[in-house]
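Visitor: Below: one structure in structure tokens.
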Amino acid sequence: MTSRETGAIDRPGERAEETRRNRFWGIMAGFLLLGGVAGATLVVMERHSGTLPGALAIGLVVLLTLSVLGGAWWFLRVIDEVEREANYIASTIALNFYLILYADWYFLWKGGLVSQPDHEALFLSTMIVMAVAYFWKKIRP
């Protein structure tokens, strides 16, 4: 029975790709878990008082900043050029979306036509656009 029939990986390139892929998804799962825990904690805390204690806010800022900077550095070390290109394109599309949406909403608000820009809505819609652009780039031939 050959390794192909048993499903074993016997080529160094295939093993390296499997290791890279597992590391990539491990990083993504870690960020998802960290974000979920932080988000759930904030929801619970804000429902009780509507504000965060100053020390917690500072701690969250430090944690977020270090996580994003360290995570981006680590992420860019383990992805290949195809994944990097998909991320660059998705990030560029999302940044342009944010620039246009925020500027338009801001000017309309200053003109008295709409309410003040909702920063949570802006952030969430930008993240959705980035995810859609990323998956569009990944599944398109």
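When you line the sequence shown up against my numbering, it's residues -12 to 128, in that order.
Ideal Cβ positions, reconstructed from N, Cα and C, are used throughout, including at glycine.
Quick caveat: nothing in here was measured; it's all calculated off a predicted structure.
1. CA-CA distance, G0 and H106?
2. I need the straight-line Cα distance from M(-12) to A16, nearest angstrom please.
3. Count the other C-beta atoms from every protein chain shown that fall within 10 angstroms of the C-beta of M117, then say buried if there are 16 or more, exposed otherwise.
4. Does DSSP classify P136 as helix, strand or coil?
5. Compare the beta carbon distance of L109 and Y89 with 7 Å and say whether it is the shorter of the two.
6. Taking buried to mean at least 16 other C-beta atoms within 10 Å of its own C-beta, is N9 buried or exposed?
7. Sorted by chain position, which residues of the same chain lie with C-beta nearer than 8 Å to S102's C-beta, five sequence neighbours on each side aside?
8. Just confirm the distance between the C-beta atoms of W129 and P104, as a whole number of angstroms; I'd bet it's less than 8 Å.
9. Using the C-alpha atoms, what's the distance from G26 back to R71?
10. In this structure, how does DSSP classify L39 when only helix, strand and coil are distinguished?
11. Which residues in the same chain have their Cβ closer than 6 Å to the Cβ of L20, if we skip the five residues on either side of it in sequence?
Guide: Answer, in terms of the structure:
1. Position 13 of the sequence shown, counting from 1, holds the residue named residue 0. Position 119 of the sequence shown, counting from 1, holds the residue named residue 106. Their Cα atoms are separated by approximately 45 Å.
2. Looking up residue -12 in the sequence shown gives position 1. Looking up residue 16 in the sequence shown gives position 29. For M(-12), the predicted model reports a pLDDT of 46, less than 50, meaning its position is unreliable; a value from the coordinates is still stated below. Going from the Cα of M(-12) to the Cα of A16 covers about 35 Å.
3. As a first step, residue 117 must be located in the sequence shown, where it is residue number 130. Result: buried.
4. No answer is possible for residue 136: the residues shown for the chain start at -12 and end at 128.
5. Position 122 of the sequence shown, counting from 1, holds the residue named residue 109. Position 102 of the sequence shown, counting from 1, holds the residue named residue 89. Taking 7 Å as the cut-off, the Cβ atoms of L109 and Y89 count as close.
6. Numbered from its first residue, the sequence shown carries residue 9 at position 22. N9 should be labelled exposed.
7. The residue labelled residue 102 in the question sits at position 115 within the sequence shown. Here the set comprises W96.
8. Any answer about residue 129 is impossible in this case: the structure gives the chain only from -12 up to 128.
9. Locating residue 71 in the sequence shown gives position 84, counting from the first residue. Locating residue 26 in the sequence shown gives position 39, counting from the first residue. Spanning the two alpha carbons is a distance of roughly 27 Å.
10. Working through the sequence shown from its first residue, we reach residue 39 at position 52. In this structure, L39 counts as coil in the three-state DSSP scheme.
11. Counted from its first residue, the sequence shown places residue 20 at position 33. Excluding positions up to five away in sequence, the list is empty.
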